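Below is one structure, written out as structure tokens, with a few remarks after it.
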Amino acid sequence: MSSTKARADSLSLLLFTLRSGKLMAINLLKVSEIIPCPPLTKLPESHPHVKGIATLRGTSLSVIDLSRAIGERPLEDPNGGCLIVTDVSRSKQGLHVQAVSKIVHCLTTDIRPPPFGSGGVRSYITGVTSVDGVLVQVLDIEKVIHGIAPAQIEMAPTELSMEDAEVLGNARILVVDDSQTALQQSVHTLRNLGLQCHTARSAKEAIDCLLDLQGTAQQINLIVSDIEMSEMDGYAFTRTLRETPDFSHLYVLLHTSLDSAMNSEKARLAGANGVLTKFSSPELTKCLIEAAKAVAEQGH
1 MSSTKARADS LSLLLFTLRS GKLMAINLLK VSEIIPCPPL TKLPESHPHV KGIATLRGTS
61 LSVIDLSRAI GERPLEDPNG GCLIVTDVSR SKQGLHVQAV SKIVHCLTTD IRPPPFGSGG
121 VRSYITGVTS VDGVLVQVLD IEKVIHGIAP AQIEMAPTEL SMEDAEVLGN ARILVVDDSQ
181 TALQQSVHTL RNLGLQCHTA RSAKEAIDCL LDLQGTAQQI NLIVSDIEMS EMDGYAFTRT
241 LRETPDFSHL YVLLHTSLDS AMNSEKARLA GANGVLTKFS SPELTKCLIE AAKAVAEQGH
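Counting from 1, one number per residue, gives the positions in the sequence shown under the UniProt record's numbering.
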């Protein structure tokens with residue numbers, strides 16, 4: 001069982017630049033449109049990384065100064081550039097960037113984790129790849145948004161039924177996500193439920209964890225995995241599990257910042273048991289209870 005066994009999925013990236021001219025990228029599925037930077041209304045007491053509010057077809061849109069948000073120098077023309085309008089984790093926002101370069105298509109296996117221990121701007125990067133011999137950094141948009149407007153972690157039900165509490169207590173959960181912010185949100189929900197879990201920042205690390213725990217009292221029976229990950233995405237990870245006899249029975253919930261409706265069919269074809277859009281603690285709790293009951297019925 002290894003990452004080389006998995007079939008790679010294709011991925012479309014939108015490349016853009018900030019003042020430094022370095023190429024950065026965002027998953028095209030997270031982009032709803034690209035527009036010239038419109039006039040902005042500055043709101044008093046707003047976060048310093050929010051340039052202002054734009055009106056887009058009658059709807060207000062917060063515009064993030066991406067350069068400041070990730071610690072880069074501000075754009076030479078603060079009123080120039082363009083907006084990448086993103087739709088991530090149930091919310092829309094505009095990213096103010098210098099310029100959009102192009103769209104490229106690659107394989108998930110072409111995207112590698114950022115260098116270990118890298119900080120600064122790279123702390124906002126989930127992966128790196130090469131396009132025409134040039135290094136491209138893939139933006140961790142969830143971390144950018146969380147740094148400006150931390151998600152309100154809605155408390156899970158304070159009183160679970162005895163049946164739900166008991167069935168959850170038998171769940172041995174592995175959470176897999178290459179975004180530290182998203183990983184912490186999921187772990188926080190689990191801890192509110194009184195649950196402990198194992199974590200991994202990549203599919204490869206998750207596989208190593210599964211192998212290490214196999215045959216022990218902590219043997220995993222439920223996986224909550226991100227879809228977008230470097231080297232092996234959630235779909236390929238799920239297919240790899242389904243093709244491995246020791247792990248083919250595992251319950252897999254794919255947890256994505258993309259609209260889950262867009263991914264439900266692909267998740268089903270990969271062999272996932274469910275798919276959920278980030279981030280709602282009550283909805284994650286509900287899915288975990290359903291998953292734990294399914295695991296119990298299977299006798300795992």
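Glycine included, C-beta positions come from ideal geometry on N, C-alpha and C.
In this text the structure is predicted, and so the values were computed from the model without any measurement.
Cβ of THR17 within 8 Å of Cβ of GLN98? With a cutoff of 8 Å on beta-carbon distance, THR17 and GLN98 are scored as near each other.
Kindly confirm or deny that the region 74-90 and the region 31-48 touch, where touching means at least three C-beta pairs closer than 8 Å. By the C-beta criterion, the region 74-90 is judged to be in contact with the region 31-48, since at least 3 inter-stretch pairs fall below 8 Å.
Here's a check: name, in chain order, each residue in its chain whose Cβ is nearer than 7 Å to the Cβ of VAL175, leaving out the five neighbours to either side. These residues qualify, in order along the chain: LEU183, SER186, VAL187, CYS197, THR199 and VAL224.
Is it true that the region 157-174 meets the region 47-54, where meeting means three or more beta-carbon pairs spaced less than 8 Å apart? By the C-beta criterion, the region 157-174 is judged not to be in contact with the region 47-54, since fewer than 3 inter-stretch pairs fall below 8 Å.
Would GLU76 pass as a contact of ARG112 if the rule is Cβ separation under 8 Å? With respect to ARG112, GLU76 sits apart: the two C-beta atoms are not nearer than 8 Å.
Are MET24 and GLN137 close, meaning C-beta to C-beta below 8 Å? Yes, these two residues count as a Cβ contact at 8 Å.
Which of the three DSSP states, helix, strand or coil, is assigned to ASP212? Three-state DSSP puts ASP212 in a helix.
Quick check: the Cα distance between LYS143 and ILE26, rounded to an integer number of angstroms? Between the alpha carbons of LYS143 and ILE26 lies a distance of about 13 Å.
What residue range does the alpha helix (DSSP H) around PRO282 cover? Bounds of the alpha helix (DSSP H) holding PRO282 are 281-298.
Which value, in whole angstroms, describes the spacing of the CA atoms of GLN180 and ASP226? If I take the Cα positions, the gap works out to 11 Å.
Note down the Cα distance separating GLY80 from ILE207, rounded to an integer number of angstroms. If you draw a straight line from the Cα of GLY80 to the Cα of ILE207, it is about 46 Å long.
Roughly how many angstroms separate the alpha carbons of ALA171 and GLY127, rounded to a whole number? Rounded to whole angstroms, ALA171 to GLY127 spans 31 Å at the Cα level.
Could you check which residue in ASP178, ILE145 and THR41 has the C-alpha nearest to that of SER60? Among ASP178, ILE145 and THR41, the Cα nearest to that of SER60 is on THR41.
ARG57, buried or exposed, once every other Cβ within 10 Å from all chains shown has been counted against 16: By the Cβ-count criterion, ARG57 is exposed, with fewer than 16 other Cβ atoms from all chains shown falling within 10 Å of its own Cβ.
Hey, would you say SER101 sits closer than 8 Å to LEU15, going by beta carbons? With contacts defined as CB atoms closer than 8 Å, SER101 and LEU15 qualify as a contacting pair.
Proximity of THR285 and LEU193 at Cβ, strictly below 8 Å: LEU193 is positioned such that its CB atom lies closer than 8 Å to that of THR285.
Relative to the C-alpha of VAL63, which residue among HIS105, LEU29 and ALA149 is closest? Of the candidates HIS105, LEU29 and ALA149, the residue whose Cα lies closest to the Cα of VAL63 is ALA149.
Is it buried or exposed for VAL134, if we count other Cβ within 10 angstroms and need 16 for buried? By the neighbour-count criterion, in which 16 or more other beta carbons inside 10 Å mark a residue as buried, VAL134 falls on the exposed side.
For LEU289, count the other beta carbons within 10 Å of its own beta carbon; 16 or more makes it buried, fewer makes it exposed. Which is it? Strictly speaking, residue 289 in this sequence is Ile, with Leu absent from that position. Its Cβ being crowded by 16 or more others within 10 Å, ILE289 is buried.
Going by DSSP, name the residue or residues bridged to ALA200. Answer by DSSP bridge pairing, in chain order: VAL176.
Does DSSP classify LYS5 as helix, strand or coil? Caution is warranted here: a pLDDT of 44 is assigned to LYS5, below 50, making its placement in the model unreliable, and the coordinate value is therefore given only provisionally. The answer is helix: DSSP assigns LYS5 an H, G or I state.
Looking only at its own chain, which residues have a Cβ that is under 7 Å from the Cβ of SER67, when we skip the five neighbours before and after it? Closer than 7 Å at Cβ, skipping near neighbours: LEU18, ARG19, ARG73, PRO74 and LEU75.
Which whole-angstrom value describes the C-beta separation of ALA294 and TYR251, a residue pair presumed to lie in contact below a C-beta threshold of 8 Å? Contact check for ALA294 and TYR251: beta-carbon distance about 6 Å, within the 8 Å limit, so the pair qualifies.
CB-CB under 6 Å to VAL167, same chain, minus the five flanking residues each way: which ones, in chain order? Cβ neighbours of VAL167 beyond the five flanking positions: ALA292, LYS293 and ALA296.
Taking 8 Å as the threshold (C-beta atoms), are LEU253 and GLY274 in contact? Against a cut-off of 8 Å, the Cβ pair of LEU253 and GLY274 comes out as a contact.
Is it buried or exposed for ILE103, if we count other Cβ within 10 angstroms and need 16 for buried? Burial call: exposed.
Pick helix, strand or coil for THR108, following the three-state DSSP scheme. In the structure shown, THR108 sits in a helix (DSSP, three-state: H, G or I).
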